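First up is the structure itself, then whatever we jot down about it.
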């Protein structure tokens with residue numbers, strides 16, 4: 002602990018767990034006086050060469066004075082951080098604030114010297130890069146804006162750490178030393194570097210779990226039955242290609258194997274390295290097993306055991322301690338309360354799960370937070386006949402249980418550049434970090450489809466899941482995920498339906514659909530379903546029940562060759578007669594026709610025709626097309642190339658209902674449209690009249706009054722005006738005479754409004770009088786309002802200048818602690834509120850997104866001349882939203898803004914009401930240093 006003479010208390014919020022380049026973890030924390038022995042031990046394990054690079058001279062050992070200097074910090078002008086594994090130092094970093102003369106200084110000096118030392122055994126793991134991110138964040142918090150570092154020219158690794166970080170820097174050479182100076186303000190490049198490193202590290206950490214070279218099952222029973230023994234049997238029967246060990250402290254002395262698997266009483270007894278341990282012992286015995294694994298160097302854990310956060314407060318604390326213990330050894334955890342993991346790659350064949358049957362290899366990555374849902378998904382993708390029929394395989398499967406450590410975000414990082422996965426399906430009950438999930442999802446969706454169904458939408462999170470609070474309703478979060486390219490569906494059935502289509506067929510180029518088949522009624526049902534989903538169907542082609550396989554082939558070939566259609570839905574019912582094709586013949590006819598146009602998707606709607614669905618699925622294998630080791634590494638920011646289409650005929654998905662086939666097709670159409678738009682995302686425009694610095698000064702002055710406040714009318718108008726948003730002047734009218742005086746100041750005609758909370762923005766209740774042309778009309782209106790609704794002190798009447806008539810709209814911005822800054826738009830009035838007709842976008846909003854916002858509400862036709870009305874000035878509305886987006890993005894202290902109503906006229910618009918709330922901004926961990934979440 003720090004002594005009484007130190008200037009600041011121990012900054013516990015600087016502690017963080019990080020994932021390193023090789024997928025292992027380390028803990029970063031401030032160095033204190035209690036670390037003297039650890040520091041000496043650490044230094045003794047550093048090579049003489051590394052010591053020379055640190056001190057520019059031979060420096061075999063630290064003196065007592067050195068130890069005191071490197072362990073006594075004030076956490077302001079002198080700060081030291083250490084990266085630890087197993088409680089021991091593996092690297093350190095330190096800064097000392099300096100003045101213009103290079104000597105030690107205090108604030109307001111804003112420069113510091115920084116120096117690193119990394120144990121040789123841990124060099125190359127990205128430890129220094131992670132420490133640089135964290136020490137830079139600490140320095141910014143303490144008012145330091147620039148780092149300086151002196152490095153020997155031969156120390157190329159450390160020079161690379163600084164130069165690769167992405168900060169703006171200057172480099173000089175003097176007296177045989179390279180001097181680097183760089184600003185600490187995050188740049189687009191530094192954030193890109195940080196996120197690319199994050200992706201590589203987190204993907205590697207998951208890859209170590211899914212492709213281990215050796216697995217130990219801790220808790221494998223001596224007799225058949227039980228969870229541990231079941232998982233051991235599943236691993237054996239799947240043909241796991243690595244080394245497998247059975248571990249149970251109850252094995253008798255001398256037992257060396259269990260059903261041919263090497264058996265040990267403890268992980269410590271295993272002579273070879275163990276990459277993955279499956280922990281299937283009761284919760285009270287898990288800490289002992291984790292300690293053994295950590296001491297043995299195990300890289301990751303799958304904890305099957307229950308009795309953690311899902312069981313109540315005591316279990317939640319037990320779960321937190323489990324994560325702390327595992328991370329202290331550099332291990333990552335799937336679980337606890339997990340169903341397990343599967344990797345169908347022939348190079349691995351890992352079934353470390355409770356699933357008794359290994360799913361077929363395929364191209365779908367599957368993530369489920371619920372074990373029961375995971376079983377259901379594996380079953381639906383595996384079985385033949387019934388439901389969405391046909392065989393579809395998976396590449397990898399992860400069931401995270403309580404997701405205390407490894408989450409959907411981590412697995413997405415892995416699937417992003419996994420060449421064995423073409424489509425990602427996820428069942429989520431909670432999203433621990435929506436802001437990060439949306440960012441990763443957007444990048445993933447550019448490379449491959451991501452389909453998500455979210456459970457627990459209308460209730461709280463499952464008891465085992467600790468998540469950050471969000472004020473946004475589920476519908477809003479769903480809209481933001483769609484903005485990020487996520488294909489949001491509502492049910493498990495829709496998840497599988499969409500996954501089958503996306504895994505088997507190309508994306509449609511547009512919404513035009515050709516329909517053909519041997520049932521007029523089924524064709525009409527398909528036509529209606531297309532219209533309901535917003536597609537553009539052609540009139541169904543009825544081949545009649547007498548259609549032969551050749552008739553189907555000819556019709557499908559013609560439809561695919563037609564440039565006016567983007568996809569084809571084939572409907573088929575059983576038919577009797579000499580010319581009616583059997584299932585295999587019809588399937589072959591459809592496959593051969595589909596092969597003539599490989600760029601257009603084909604779907605089949607069948608009725609009680611299981612044989613056809615099975616025959617369609619038998620066209621080609623879904624085994625992986627690429628081998629992970631066959632491809633050279635590529636930058637993490639570059640999306641992987643799409644998997645090559647196999648030479649065999651493409652699999653055609655078959656659905657038992659027209660609505661399900663069409664809904665899956667509609668999802669594919671929307672996703673394809675999103676991909677086209679994502680290729681040209683638009684830009685955040687610059688406006689010359691924005692006074693960003695003036696707004697910052699104003700905000701700082703206002704926040705000096707308190708931690709959070711709602712601005713008054715004049716302050717609101719002043720702040721918004723600095724971003725080019727003019728609010729129409731409104732004056733209070735506590736008496737009829739005050740109303741008349743206000744009208745004279747503003748100029749007739751005027752509006753008289755009641756602004757009491759129960760009447761504000763409720764013109765339908767009669768609390769507004771418009772177009773008051775003179776004093777007589779104003780006094781009469783004042784009398785009417787007070788007569789209807791009560792005395793002025795309850796009504797809070799105001800007088801405002803009349804604005805040109807138009808369409809009343811509402812524009813809002815809010816900073817949510819979990820999702821981030823969100824811009825919302827809709828029409829004003831009760832109808833829009835009842836219909837929940839509001840759309841949302843993440844801030845900062847681009848020009849293309851602003852255009853999309855205006856057109857995305859269901860009542861958008863009212864803005865574009867509905868029923869002969871004059872179209873309004875939507876470009877002015879889009880500019881208003883872009884300016885508000887800039888305000889909130891530039892100044893996160895602006896935590897909520899409402900512009901209501903915004904009257905959009907045929908020429909221009911008028912902001913008639915505005916409220917602004919300021920507060921210290923919530924922490925933006927997506928812009929801070931890399932860190933693993935703590936739930």
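Residue numbers (the numbering used here): 2 to 936. Don't be surprised by glycine CBs; every beta carbon is placed ideally from N, CA and C. A quick note: this is a predicted structure, and the numbers were derived from the prediction, not measured.
Reference residue 442; option with closest CA among 675, 891, 90, 888: Position 441 of the chain shown holds residue 442. Looking at the Cα atoms, 675 is the closest of the given residues.
Alpha helix (DSSP H) segment containing residue 1, residue limits: The shown model of the chain, from 2 to 936, leaves out residue 1, and the question about it has no answer.
When 757, 794, 724 are compared against residue 737, the one with the closest alpha-carbon: Numbered from its first residue, the chain shown carries residue 737 at position 736. Taking the Cα of residue 737 as reference, the smallest distance to any Cα among 757, 794, 724 is reached at 794.
Residue 33 - containing beta strand (DSSP E), residue span: The count along the chain shown starts at 1 and reaches residue 33 at position 32. Counting along the chain, residue 33 falls outside any beta strand (DSSP E), and DSSP gives it neither H nor E.
Extent of the continuous alpha helix (DSSP H) run through residue 287: Residue 287 sits at position 286 when you count from the first residue of the chain shown. From DSSP, the alpha helix (DSSP H) with residue 287 extends over 287 to 297.
Simplified DSSP state of residue 676, which is helix, strand or coil: For the purposes of this step, residue 676 is taken as the residue at position 675 of the chain shown. Helix.
Cβ neighbour criterion (16 or more within 10 Å) applied to residue 259: Looking up residue 259 in the chain shown gives position 258. Buried, by the Cβ-count rule.
CA-to-CA distance, residue 754 to residue 781, given in whole angstroms: Here residue 781 is taken as the residue at index 780 of the chain shown, counted from 1. Here residue 754 is taken as the residue at index 753 of the chain shown, counted from 1. Their backbone Cα atoms lie some 13 Å apart in a straight line.
Nearest residue (CA-CA) to residue 89, options 915, 748, 330, 605: For the purposes of this step, residue 89 is identified with residue 88 of the chain shown, where counting begins at 1. Measuring C-alpha to C-alpha distances from residue 89 to each of 915, 748, 330, 605 identifies 330 as the nearest.
DSSP state of residue 803 mapped onto helix, strand, coil: Here residue 803 refers to the residue found at position 802 when the chain shown is read from its first residue. Looking at residue 803 - three-state DSSP - the assignment turns out to be coil, as it is neither helix nor strand.
Bridge partner(s) assigned by DSSP for residue 113: Numbered from 1 along the chain shown, position 112 holds the residue referred to as residue 113. Residue 113 pairs with 98, 148.
Candidates 878, 815, 690, of which the one nearest residue 897 by Cα: As a first step, residue 897 is located in the chain shown; it is residue number 896 there, counting from the start. Residue 897 has its Cα closest to that of 815, out of 878, 815, 690.
Candidates 451, 210, 106, of which the one nearest residue 668 by Cα: Start at 1 with the first residue of the chain shown, and residue 668 comes out as number 667. Cα-wise, what sits closest to residue 668 is 451.
Through-space distance from residue 726 to residue 688, alpha-carbon basis: Your numbering for residue 688 matches position 687 in the chain shown. Your numbering for residue 726 matches position 725 in the chain shown. Approximately 12 Å, taken between the alpha carbons.
Residue 956 (DSSP reduced to helix, strand or coil): Beyond the ends of the chain as shown, which are 2 and 936, falls residue 956; an answer cannot be given.
Residue 76 - DSSP class collapsed to helix/strand/coil: Walking along the chain shown from the start, residue 76 turns up at place 75. Coil.
Length-filtered (4 minimum) alpha helix (DSSP H) runs lying within the stretch 818 to 852: 831 to 836
Assumed close pair residue 1, residue 79 - CB separation to whole angstroms, cut-off 8 Å: Any property of residue 1 remains undetermined from this structure, which presents the chain solely from 2 to 936.
Whether residue 449 touches residue 490 by CB criterion (8 Å): Along the chain shown, read from residue 1 onward, the residue named residue 449 stands at position 448. Along the chain shown, read from residue 1 onward, the residue named residue 490 stands at position 489. No.
Where residue 758 falls: helix, strand or coil (DSSP): For the purposes of this step, residue 758 is taken as residue 757 along the chain shown, with counting starting at 1. Reduced to three states, the DSSP call for residue 758 is coil.
Per-residue burial, residue 189 [other beta carbons within 10 Å of its own, 16 or more giving buried]: On the chain shown, position 188 is the one that residue 189 refers to. With fewer than 16 Cβ atoms within 10 Å of its Cβ, residue 189 is classed as exposed.
Through-space distance from residue 545 to residue 529, alpha-carbon basis: By 1-based counting over the chain shown, the position of residue 529 is 528. By 1-based counting over the chain shown, the position of residue 545 is 544. If I take the Cα positions, the gap works out to 19 Å.
Unbroken alpha helix (DSSP H) run spanning residue 700, endpoints: Walking along the chain shown from the start, residue 700 turns up at place 699. Start and end: 693 to 704.
Neighbourhood of residue 850 by C-beta distance below 7 Å, restricted to the same chain and skipping five residues each side: Position 849 of the chain shown holds residue 850. Counting only Cβ-Cβ distances below 7 Å, and skipping sequence neighbours, we find 683, 842.
Cβ-Cβ distance between residue 86 and residue 202 below 8 Å: Here residue 86 is taken as the residue at index 85 of the chain shown, counted from 1. Here residue 202 is taken as the residue at index 201 of the chain shown, counted from 1. Contact annotation: residue 86 and residue 202 have beta-carbon atoms that are not nearer than 8 Å.
As assigned by DSSP and simplified to three states, the class of residue 422: As a position in the chain shown, residue 422 is number 421, starting the count at 1. Coil.
Proximal residues to residue 47 (C-beta, below 7 Å), its chain only, five neighbours per side dropped: Along the chain shown, read from residue 1 onward, the residue named residue 47 stands at position 46. Correct list, in chain order: 118, 120, 121.
Exposure label - residue 919; buried when at least 16 CB within 10 Å: Your numbering for residue 919 matches position 918 in the chain shown. Result: buried.
Contact check, residue 417 vs residue 212, beta carbons under 8 Å: Counting from 1 along the chain shown, the entry for residue 417 is found at position 416. Counting from 1 along the chain shown, the entry for residue 212 is found at position 211. No, the Cβ-Cβ distance between residue 417 and residue 212 is not below 8 Å.
Buried versus exposed call for residue 698 [16 or more other C-beta atoms within 10 Å across all chains shown]: The residue labelled residue 698 in the question sits at position 697 within the chain shown. So residue 698 ends up on the exposed side.
Cβ-based neighbour list, residue 399, same chain, cut-off 6 Å, excluding 5 preceding and 5 following: As a first step, residue 399 must be located in the chain shown, where it is residue number 398. These residues qualify, in order along the chain: 342, 368, 412.
Of the residues 335, 344, 363, 836, the one placed nearest residue 937, counting alpha carbons only: No statement about residue 937 is possible, as the shown extent of the chain runs from 2 to 936 and does not include it.
Burial state of residue 930 (16 or more Cβ within 10 Å): As a working mapping, residue 930 is identified with position 929 in the chain shown. With 16 or more Cβ atoms within 10 Å of its Cβ, residue 930 is classed as buried.
Through-space distance from residue 934 to residue 741, alpha-carbon basis: Residue mapping note: residue 741 aligns to position 740 of the chain shown, counting from 1. Residue mapping note: residue 934 aligns to position 933 of the chain shown, counting from 1. Straight-line Cα distance between these residues: approximately 59 Å.
For residue 572, the three-state DSSP class (helix, strand or coil): The residue given as residue 572 occupies position 571 in the chain shown. Three-state DSSP puts residue 572 in a strand.
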